[in-house]
Each structure stands twice: as structure tokens, then as C-alpha cells.
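In this note's numbering, the protein residues as written are 2 to 744. Positions of the beta carbon are idealized from the N, C-alpha and C atoms, including for glycine. As C-alpha cells, the structure follows; a few thoughts come after it.
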């Protein structure tokens with residue numbers, strides 16, 4: 002015991018000295034960090050208030066400026082604000098500004114240093130920011146921050162450091178005592194054995210380094226490294242889901258850069274406009290979700306080239322770099338004949354699979370000629386994937402119902418590929434899906450995937466039930482996997498989302514400016530309340546039901562006539578299909594009838610805009626509207642709902658959301674409605690238009706918090722992590738078989 006104390010006491014003394022040094026260093030670093038942060042914060046405040054302050058000064062409204070400063074200093078850290086037009090005097094300041102700060106002595110606070118001022122209120126930090134204008138070229142803005150919170154946090158830090166080192170001292174002391182006792186006993190036992198002659202007469206134990214065990218040891222070490230890498234990468238990458246985190250997963254977990262996305266719709270379309278070529282981004286939830294992924298991971302996006310100028314901008318391999326302003330990945334365009342497009346896209350995909358999966362009371366149409374084109378086009382895209390693959394094991398992300406056969410075709414050509422298929426639309430129950438004459442071929446084709454993803458667990462359940470009903474395969478409902486022909490497919494729920502935060506250019510215009518511009522551009526009064534709907538002109542989006550709800554609102558609440566206008570942005574789509582032509586005519590006729598019935602003083606209740614809008618324009622409508630109405634009759638997720646939430650950084654606005662969207666399961670703070678019930682929808686619109694600002698803020702904060710955490714990078718990252726796990730598992734399962742054959 003005395004021997005142990007000889008080690009423990011000096012160790013405890015050293016830990017105490019080290020703890021003191023660490024605490025002092027932490028206080029110094031903490032102070033420097035907060036001073037730097039307050040300087041940055043001061044610059045941000047100065048830049049933000051410069052324009053409104055200059056306007057108030059020009060108007061000579063000193064009292065309003067003081068009131069403006071007082072509102073800003075309600076921030077718990079901002080103690081006082083002052084404005085010096087020149088060195089002769091303080092033009093405007095809050096009453097809390099310390100008397101030590103004078104306009105003629107501001108040079109003291111502008112020199113490099115920590116700018117700390119000790120007052121009766123405690124330590125204060127003083128920042129002086131230039132606020133030049135034509136009338137006052139020497140004007141300065143003085144910002145005083147309360148630094149008392151630094152003292153409180155320093156005390157907390159010292160207390161936590163003390164607790165930590167106390168615990169560390171106890172643990173180290175115990176370990177030291179145990180090791181000392183064991184070492185002493187081992188030394189005594191060794192001496193006794195040596196005195197008995199045991200160590201001199203016995204043969205040494207042979208080392209286990211025979212060649213037979215080396216492969217096992219090597220595999221075991223590799224397994225340990227891979228498992229450690231898996232858990233380490235998961236823990237580190239899930240802290241904040243960003244494009245950088247996604248790139249880390251791709252290069253760290255999957256160790257490759259060969260990423261290929263396959264979709265029918267391309268993210269950028271080149272259109273000929275006279276002598277010029279315009280670049281458009283289509284209104285598509287798929288493009289909205291996948292485009293940030295490709296920016297993060299680079300690679301190749303294979304898609305149908307449908308633009309009138311698409312052929313003019315590609316190279317000899319039919320590739321073009323995008324985005325045009327800053328290329329980060331490539332589009333490989335696949336060209337389709339009119340017959341292929343009519344049969345594969347308009348025919349089987351959108352007159353057959355689309356209404357079949359959406360159950361929107363439109364009868365699906367199946368033709369053998371359309372099926373033949375569908376098979377041929379899927380094979381053409383499979384050949385493009387093989388051609389674009391830089392390795393034998395690319396990561397292929399197959400998107401949506403246009404390519405149900407593609408995973409199996411790729412698997413036959415590239416058996417080591419990681420194929421992740423995501424089905425963006427709902428999957429119906431087995432009874433509904435058996436309507437399709439080629440149901441077995443579709444399910445078999447999809448099971449060529451390594452991972453098959455859906456938006457909701459309900460759709461996963463429907464798919465597994467369909468497999469169990471239609472084909473010979475082993476279904477494991479505990480792990481939600483399907484094994485067919487010795488190949489494993491994992492069926493997973495991956496709720497899709499949007500990029501977070503939104504691109505700065507999307508929200509660069511203030512909410513107030515958007516409100517003014519949108520109303521002026523559409524000939525509406527400045528105080529007009531607005532609702533917004535953004536959809537493709539598709540019968541599954543419930544636009545007709547939405548208009549009926551607006552009509553019912555105006556019937557039940559006539560006070561909204563002339564005061565409320567709903568703007569419906571409807572991007573044209575699939576105009577070559579009769580059902581879509583009839584739907585567009587019905588929507589236009591209904592809007593005309595409602596406007597004829599409820600227009601007042603030239604202000605219509607519905608503004609229908611059947612035209613393409615760029616994402617930035619759409620975001621301006623989001624920011625200008627009091628509410629957003631999503632009334633889909635059946636939807637996989639619906640990203641418009643999430644885009645509206647992302648656009649409202651002012652934490653205002655109300656989302657009215659159909660219960661038949663996947664988003665309704667994630668966003669209970671929205672007003673959830675049955676779009677077929679006009680009275681319920683009208684009541685929700687009434688509630689949205691009269692909801693207090695505090696309740697709007699509470700609901701919007703919760704929804705924005707969820708989308709910031711479960712963003713599109715997390716959606717893609719989860720799929721890539723699951724793919725990496727499957728690949729490791731496959732390698733490990735093959736090794737024992739190979740070893741047994743070698744023996």
C-alpha cells in the first residue's frame with residue numbers, strides 16, 4: 002500500500018496543477034471566442050440596420066430612431082446602441098449607453114484590442130462600426146454588448162473541469178493501485194518460481210504464427226478495422242447532415258467516386274428561343290431532391306434528353322456539364338424516338354403505372370405495344386449505365402416508376418454494382434397491383450436492386466405483400482428483406498426531403514418585399530391576403546378539390562370575398578395524354594366559374610397560372626403568401642409542403658396539408674385535411690387566415706426544425722450507409738466459402 006501511495010500522491014498533485022492550467026487556458030480561449038463572435042455579430046447588426054436607419058435620419062425622425070434602437074436592445078446580450086454623426090456629439094443613443102463612451106473619443110474603441118469596458122452592470126464589450134453616408138461621411142454606430150454571460154459560462158466551465166479531473170483522479174488512482182499490487186504479486190511469484198528452478202527447466206511456449214493461421218488472423222484484423230470504421234463514420238457523419246457529410250460517406254464508406262443517377266427527367270433542359278438557348282430547371286419533386294445530391298457527390302446523371310436544344314450543347318459522348326454557372330457533375334443524355342417516348346413514357350408509365358399506383362379514380366390503360374417500348378427503353382438506359390461506369394462496382398441510384406426493369410438489367414451486366422432504387426410514388430396494395438398484366442416482370446425487375454426505397458412504411462408493407470403474393474421468393478418480415486435467386490434486396494423506408502438550408506439566392510429578397518412585389522405584379526391590393534398552391538397540372542394533385550374548397554370558404558364566409566385571393570401555379574405536364582388535357586380544361590373552367598361568381602372590384606378569388614416558373618420565382622410566392630394549400634389525392638411525399646416551410650424564415654404562414662401525402666406523417670403541426678371534404682378544407686382555410694402570429698410561429702418552428710434535421714442529405718446518406726453495410730456483409734459471407742474451397 003505504501004508503494005502505491007508513492008505513485009498516487011505525486012500523480013494527484015500533477016493532475017491538480019494540470020486542472021488549474023487547463024481552467025485558466027479555457028477561460029482565456031472562451032473570452033477570445035466570445036469577443037470575436039460579438040465583433041462578427043456587431044458587423045451583422047450594423048449591416049442589417051444601416052438602410053432603415055439612414056431612411057429615418059433623412060426623415061429627421063429622432064424619436065422613432067430611439068424607439069427603433071430600444072426595440073433592438075431587447076436582445077438579452079445587446080446592452081446599448083448609439084449613433085454619432087460626427088465627433089462633436091452623440092446624435093442618437095439609448096439611455097443605457099455608458100457615459101464613458103463619447104463621440105469625440107471613439108478612436109479608443111476603434112484601435113485593435115478586446116474593447117472591454119468595466120461598469121456597474123459588469124463587463125461590457127464596445128464595437129464601433131462605420132455608418133458613412135453622403136450627409137455624414139464620418140458617422141459611426143456604437144454597439145455595446147453585455148459580457149456578463151461570459152462570466153457565468155466561465156464559472157460553469159471551471160466547475161465541469163473540476164468535476165472531470167476529480168473523477169479522473171479517482172479512476173487513475175484505482176488503476177494505479179491495482180496495477181501496483183498485481184505487479185508486486187507477479188514479481189514475487191516469479192522470484193519464487195525462479196528459486197524453485199521452474200523457469201530454467203521448462204521449454205518455452207511456442208508462438209502461434211504458423212502459416213495455417215495467418216489468413217484467419219488477417220481476415221479477423223480486417224473485420225475489426227471495418228467494424229471500427231463503420232461505427233466511427235456513422236457517429237461522425239450524423240452530427241450535421243450537409244453536402245460535405247454526404248461526400249464523406251461516399252468516399253469513406255463506399256470508397257468510390259463512380260456515382261450514377263438514372264431518371265427520366267433531366268435536371269437541366271436546354272431550350273431554343275430564337276437565336277438563344279435558355280436553360281430551364283423543370284418543376285419536379287424528383288429533380289428538387291436529387292440535384293443537391295449530385296452537387297455533393299459529383300458523378301453522372303443519365304436522363305432522357307427532351308429539350309429542343311439539348312443535342313446542340315452535348316459533346317460527342319452526349320454529355321454536358323452542369324450547373325451552367327458552376328459545373329459540378331455531368332448529364333448524359335439518352336435520345337428516344339417519338340415512338341419510344343409515346344409507348345414507354347406516355348403509354349405504359351403514365352397511362353398505366355401512374356394511375357395504378359396513385360389510386361386517383363382514373364382507370365389505368367395497359368397496351369402490349371407500350372410494354373414493348375417500356376422494355377426497350379429500360380434496356381437502352383441499362384446500356385448507358387454500363388457505358389458510363391468507370392468501375393465494375395458503381396453506385397447506381399435508379400429513380401422512379403419509369404425504370405422498374407432497369408435494376409435487374411444492370412445487375413446482369415454489373416453483378417457487383419450497388420443499385421439503390423427509389424420509388425417516388427405510392428405502391429398500391431397487392432389486389433390493386435395485380436391489375437397490371439406484367440406484374441411479375443415488374444416486381445422481378447425491381448428486385449435486382451440492392452436496396453429498394455419507399456417514402457412510407459405503409460408503401461414498404463404493400464410491396465412486400467405484393468412479392469409474397471406474386472412470385473417465388475423468401476420474404477423476411479423481421480428484417481424486411483427479400484431473397485430471390487440467392488440475391489438479397491432490402492426494402493426500406495426513406496422519407497425524402499429537400500436541401501437545408503435553402504440556397505441563399507432563394508431567400509435573398511425579404512418577406513416584406515416579396516409581399517409587395519407579388520401583389521403589385523398580379524394587380525392585387527397591398528392588403529390582400531394570399532394563398533398559394535404549386536403543382537404540376539396533374540389529376541392526382543387535387544387542384545379541382547382545392548378550388549371547390551375555396552368556393553365553399555367564400556360561400557360560408559362572404560367577408561373574404563374581395564379580401565382573399567388564391568394563386569395556383571400549375572406547371573403544364575404530359576399534355577399528350579387525353580386525361581391530362583381533360584383535366585386542364587376542367588381546372589380552367591372551374592377557375593373561370595368561381596371568379597365569375599365571387600370577383601369583386603376586379604379582384605378575382607383565384608389566379609390560375611398555367612406556365613413554368615423558376616424555383617426562385619416560386620420561393621417569392623411562398624414568402625408572400627399567408628398560407629399554402631397542398632391537397633394531393635394520393636402522393637408519395639410532396640416536397641412543395643417542405644419547400645413552403647423552408648421558405649418561411651420569418652416563421653409565419655400556415656400549411657394546409659392533405660392527409661393522403663407522405664408529408665402528413667412527418668408534419669402533424671400542419672392543418673391536416675381530407676381533400677375530398679370541401680367543408681373541412683374550407684374550415685382549415687378559415688383557421689389559416691385567422692391564426693394568431695404566435696401560433697403560426699410555434700407551428701412553423703417545429704416543422705422547420707424537423708426539415709433541418711431530416712433533410713435531403715440525410716435521406717441520401719441513410720441509403721448510402723445501408724448500401725455500405727450490405728456490401729461489407731456480402732464480402733464477409735463470401736470469404737468462408739472461398740476458404741472452405743481452398744482447403
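Just so you know, the alpha carbons of residue 627 and residue 22 end up roughly 56 Å apart. Among the bridge pairs identified by DSSP, residue 304 is matched with 334. A contact between stretches requires three or more CB pairs, one per stretch, nearer than 8 Å, and the stretch 80-100 fails this requirement with the stretch 154-172.
Within the model, the alpha-carbon separation for residue 403 versus residue 549 is close to 32 Å. Residue 44 counts as exposed, since fewer than 16 other beta carbons sit within 10 angstroms of its beta carbon.
Contact between residue 702 and residue 652 holds, since their C-beta atoms are separated by about 6 Å, short of 8 Å.
By DSSP's assignment, residue 423 forms a beta bridge with 400 and 454. In this chain, the beta strand (DSSP E) harbouring residue 277 covers 277-281. According to DSSP, residue pairing for residue 131 in a beta bridge involves 141.
Shown here, residue 510 sits in coil according to DSSP, grouped into three states, outside any helix or strand.
In the DSSP assignment, residue 488 falls outside any alpha helix (DSSP H) and within the unbroken beta strand (DSSP E) covering 488-494.
The DSSP-derived three-state label of residue 148 is coil.
Leaving aside the five residues that flank residue 363 on each side, the residues in its chain whose CB is nearer than 7 Å to its CB run, in chain order, 356, 540 and 580. In its chain, beyond the 5 residues on either side, 82 and 95 have a beta carbon closer than 6 Å to the beta carbon of residue 70.
Boundaries of the beta strand (DSSP E) harbouring residue 475: 475-477, taken from the DSSP string. In chain order, 534 and 609 place their CB closer than 6 Å to the CB of residue 569, counting only its own chain and leaving out the 5 sequence neighbours on each side. With the rule of 3 Cβ pairs closer than 8 Å, the stretch 128-148 counts as touching the stretch 25-41. For residue 132 and residue 34, the gap between their C-alpha atoms comes out near 25 Å. Membership of residue 444 in the alpha helix (DSSP H) is indicated by the continuous run 440-447. Residue 454 and residue 421 have their alpha carbons spaced roughly 8 Å apart.
In the three-state DSSP reduction, residue 126 falls in the strand class (E or B).
In summary, residue 672 is buried, with 16 or more beta-carbon neighbours lying within 10 Å of its beta-carbon over all protein chains present. Per DSSP, reduced to three states, the secondary structure at residue 161 is helical. Take residue 408, set aside five residues on each side of it, and the residues of its chain with a beta-carbon closer than 7 Å to its own are 399, 420, 422, 446, 447, 449 and 450, in chain order. For residue 571, the enclosing beta strand (DSSP E) starts and ends at 565-572.
For residue 484, the secondary structure class from DSSP, reduced to helix, strand or coil, is strand. For the pair of segments examined, the stretch 586-594 was found not to touch the stretch 630-648: the number of CB pairs separated by less than 8 Å stays below three. A straight-line Cα-Cα distance of about 11 Å links residue 56 and residue 134. Secondary structure at residue 75: coil, using DSSP grouped into helix, strand and coil. Residue range 407-414 is occupied by the alpha helix (DSSP H) that includes residue 414, with no beta strand (DSSP E) assigned at that position.
The three-state reading of DSSP puts residue 318 in coil, since its state is none of H, G, I, E or B. For residue 708, the enclosing alpha helix (DSSP H) covers residues 694-710.
Taking all protein chains in view, the Cβ of residue 374 is crowded by 16 or more other Cβ atoms within 10 Å, so the residue is classified as buried. Between residue 494 and residue 529, the CB-CB gap reaches or exceeds 9 Å.
Taken atom to atom, the span from the alpha-carbon of residue 295 to that of residue 308 is near 20 Å. When the Cα atoms are used, residue 392 and residue 611 turn out to be separated by approximately 44 Å.
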